[in-house]
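Engineer:
In the numbering used here, the protein residues as written are 3 to 526.
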């Protein structure tokens, strides 16, 4: 039994090792460049929670929690029981870390040995949302150049590690995995089909796999679907069209809950909205100083930008975070920053020096994957283009349009020079129609703040025969507040049964009215 990834052996064949009490672990050795295997290899970290009730239909269901940069290993370690309840105890659940993420190679670090340089970049880029002040947009745009130049020097070009971490390369790694698993079981290679549950950015991995290898799609659920064409164009322009609807849900559910359950309550949803507008405007001109607190022992300001970030994060997981947001807002009205400081610290916002307890809280791989996947010249060439981008987002979402650039962070790609190999690129359009060997099941929340259901509808149209299931909930992905209806349909799908067309699942809980659901550490 190993409890350290360094003790897990690496092999081009699957070698499962008992690990971390209830799991087995493996490191699968894959080529850096599938088109030229002489360029070296990388180890892909995998962890498996074995089925509790194995049957003849037991499958390895691969999971990815999003990002880019989300660790399937960590999610399975932390939420294995909950995932088993959703996917089914008759299946093995396999979490993996995509290339460059967490325990998987190659190592990607733009400031190796210099965390203080990353921390300084974060202080320059992240503190303000794009329209927080007259200088915030330009500061953000020019600070992004620091990231691009640092990464080019340490990990860029055509031979740097960043060139090998693209999503198409990850899709090929998944093909390598299912073939290796097939070989381990003694069955003929080349016929294996994937079983997969991907959320948010994980849906891009799924769509990419289905586009490259449509005859290898077994059971694939894509939840909280990004518009993959927008993603590969380095756009991130279609993500927040329903974000203000999510905020409206906060006002609605707070009002329905009553003053005892929602500390920011008012006699109508509209009056709660007006109350928040007044508070946000006040914080913008009068941030609240906090000399020290239990959550963070150094002086901080409760700022407009951080309040907007807290609000966006609350939209991801309303069951757990809407009550927290209400506490933050009601506290700030009274000049009390306790809930606010706890929120920015717990969320790990890079603008907060107490986040994660370390200097430099971001991970380069999260941005670099986006940058590497875009290779057709869609980067911002000047500040005018960036300003137009922010204006476009603000026209979609009045409240969150200026917040999204900090989170999508595509502007940091503008000075990066990286050249992925041909095997790490898409050979054609991601929107080219593909007939998969089994229909894909697309799943979406009715109101998703960062992956609106129109993305699922668009991507479903690329794969004839696929189905779309909507959960009538607010939040980022349906699985973040999985209903009994969703779980029933997920389990049935992995058993080979598709839901009826236009299936709508009703939620089991609404915000402020019950226990919080796990968000499974979801990224974007």
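For glycine and all other residues, C-beta sits at the position ideal for the given N, C-alpha and C.
Computed from a predicted structure; not experimentally measured.
Roughly how many whole angstroms lie between the Cα atoms of residue 438 and residue 383?
Structural biologist: Using only the alpha carbons, I get a separation of about 38 Å.
Engineer: Hey, residue 20 and residue 3 are a contact pair by Cβ (cut 8 Å); roughly how many whole angstroms apart?
Structural biologist: Yes, residue 20 and residue 3 are in contact; Cβ-Cβ is about 5 Å, under 8 Å.
Engineer: Going by the CB atoms, is the gap between residue 418 and residue 220 shorter than 8 Å?
Structural biologist: No.
Engineer: Can you give me the C-alpha to C-alpha distance between residue 2 and residue 504, rounded to a whole angstrom?
Structural biologist: Given that the chain is displayed from residue 3 to residue 526, the structure contains no residue 2 and the question cannot be resolved.
Engineer: Is the Cβ-Cβ distance between residue 312 and residue 346 less than 8 Å?
Structural biologist: Going by C-beta atoms, residue 312 is nearer than 8 Å to residue 346.
Engineer: Nearest to residue 23 by CA position, among 80, 123 and 17, is which residue?
Structural biologist: Taking only the C-alpha atoms, the option nearest residue 23 is 80.
Engineer: Quick one: any contact between the stretch 234-242 and the stretch 390-400, if contact means 3 or more CB pairs under 8 Å?
Structural biologist: A contact exists between the stretch 234-242 and the stretch 390-400.
Engineer: Compute the Euclidean distance between the alpha carbons of residue 420 and residue 233, then round it to the nearest angstrom.
Structural biologist: Straight-line Cα distance between these residues: approximately 17 Å.
Engineer: Report back the beta-carbon spacing between residue 210 and residue 225 to the nearest angstrom; my notes put them in contact at under 8 Å.
Structural biologist: Residue 210 to residue 225, Cβ: 16 Å. No contact.
Engineer: By the three-class DSSP mapping on this structure, what secondary structure does residue 95 have?
Structural biologist: If DSSP states are grouped into helix, strand and coil, residue 95 belongs with the strands.
Engineer: Is the CB-CB distance between residue 172 and residue 314 below 8 Å?
Structural biologist: No, these two residues do not count as a Cβ contact at 8 Å.
Engineer: Distance check for residue 246 and residue 264, CA to CA, integer angstroms please.
Structural biologist: One C-alpha to the other measures close to 20 Å.
Engineer: Below 6 Å CB to CB, which residues in the same chain sit around residue 480 once its five sequence neighbours on both sides are set aside?
Structural biologist: 225, 445, 447, 473 and 488, listed in sequence order.
Engineer: With a threshold of 16 other CB atoms inside 10 Å of the CB of residue 506, please say whether the residue is buried or exposed.
Structural biologist: Exposed, because fewer than 16 other Cβ atoms sit within 10 Å of the Cβ of residue 506.
Engineer: Please report the Cβ distance between residue 98 and residue 164, rounded to the nearest whole angstrom; I am assuming they are in contact, meaning their Cβ atoms lie under 8 Å.
Structural biologist: About 19 Å; that fails the 8 Å criterion.
Engineer: Please list the terminal residues of the continuous alpha helix (DSSP H) segment that includes residue 125.
Structural biologist: Taken as a continuous stretch (DSSP letters only), the alpha helix (DSSP H) holding residue 125 covers 117-127.
Engineer: Give me, in chain order, the residues of the same chain whose beta-carbon lies closer than 8 Å to that of residue 254; leave out the 5 immediate sequence neighbours on both sides.
Structural biologist: Answer for residue 254: 271, listed in chain order.
Engineer: So for residue 13, helix, strand or coil by DSSP?
Structural biologist: Residue 13: strand per DSSP, three-state reduction.
Engineer: Looking at the secondary structure, which residues open and close the beta strand (DSSP E) in which residue 156 lies?
Structural biologist: Counting along the chain, residue 156 falls outside any beta strand (DSSP E), though it belongs to the alpha helix (DSSP H) covering 138-157.
Engineer: Nearest-angstrom Cα distance between residue 117 and residue 292?
Structural biologist: Using only the alpha carbons, I get a separation of about 26 Å.
Engineer: From residue 130 to residue 409, what does the alpha carbon distance come to, in whole angstroms?
Structural biologist: Cα to Cα, residue 130 sits roughly 12 Å from residue 409.
Engineer: Would residue 168 and residue 426 qualify as a contact pair, given that the criterion is a beta-carbon distance under 8 Å?
Structural biologist: In contact: residue 168 and residue 426 (Cβ atoms closer than 8 Å).
Engineer: My understanding is that residue 306 touches residue 451, with C-beta atoms under 8 Å, so please give their C-beta distance in whole angstroms.
Structural biologist: Residue 306 to residue 451, Cβ: 19 Å. No contact.
Engineer: At the level of alpha carbons, what is the spacing between residue 287 and residue 401?
Structural biologist: Cα to Cα, the separation comes out at about 17 Å.
Engineer: Just to confirm, are residue 73 and residue 32 a CB contact at a threshold of 8 Å?
Structural biologist: No, the Cβ-Cβ distance between residue 73 and residue 32 is not below 8 Å.
Engineer: Which of the three DSSP states is assigned to residue 112 in this structure?
Structural biologist: The answer is coil: DSSP assigns residue 112 none of H, G, I, E or B.
Engineer: Return yes when the Cβ of residue 509 is within less than 8 Å of the Cβ of residue 475, no when it is not.
Structural biologist: Closer than 8 Å, so yes.
Engineer: Quick check on the DSSP output: the beta strand (DSSP E) that includes residue 473 runs from which residue to which?
Structural biologist: First-last of the beta strand (DSSP E) with residue 473: 469-476.
Engineer: For residue 148, which option in 354, 49 and 416 has the closest C-alpha, if you only look at C-alpha atoms?
Structural biologist: Closest by alpha carbon: 416.
Engineer: In the DSSP assignment, find the beta strand (DSSP E) that holds residue 50 and state where it starts and stops.
Structural biologist: Where residue 50 is concerned, the enclosing beta strand (DSSP E) stretches over 43-51.
Engineer: What separation, rounded to the nearest whole angstrom, lies between the Cα atoms of residue 182 and residue 430?
Structural biologist: Looking at the two C-alpha atoms, the distance is approximately 27 Å.
Engineer: Residue 140 and residue 343 - do their beta-carbons sit closer together than 8 Å?
Structural biologist: Taking 8 Å as the Cβ cut-off, residue 343 and residue 140 do not qualify as a contacting pair.
Engineer: Beta-carbon separation of residue 34 and residue 179 under 8 Å?
Structural biologist: The answer is no: Cβ separation not under 8 Å.
Engineer: To the nearest angstrom, how far is the alpha carbon of residue 494 from that of residue 50?
Structural biologist: The straight-line gap from Cα to Cα measures roughly 21 Å.
Engineer: Taking a contact to mean a Cβ-Cβ separation below 8 Å, would you say residue 407 touches residue 132 in this structure?
Structural biologist: Result yes, Cβ atoms of residue 407 and residue 132 sit closer than 8 Å.
Engineer: In this structure, does DSSP put residue 62 in helix, strand or coil?
Structural biologist: Note: residue 62 maps to strand in three-state DSSP.
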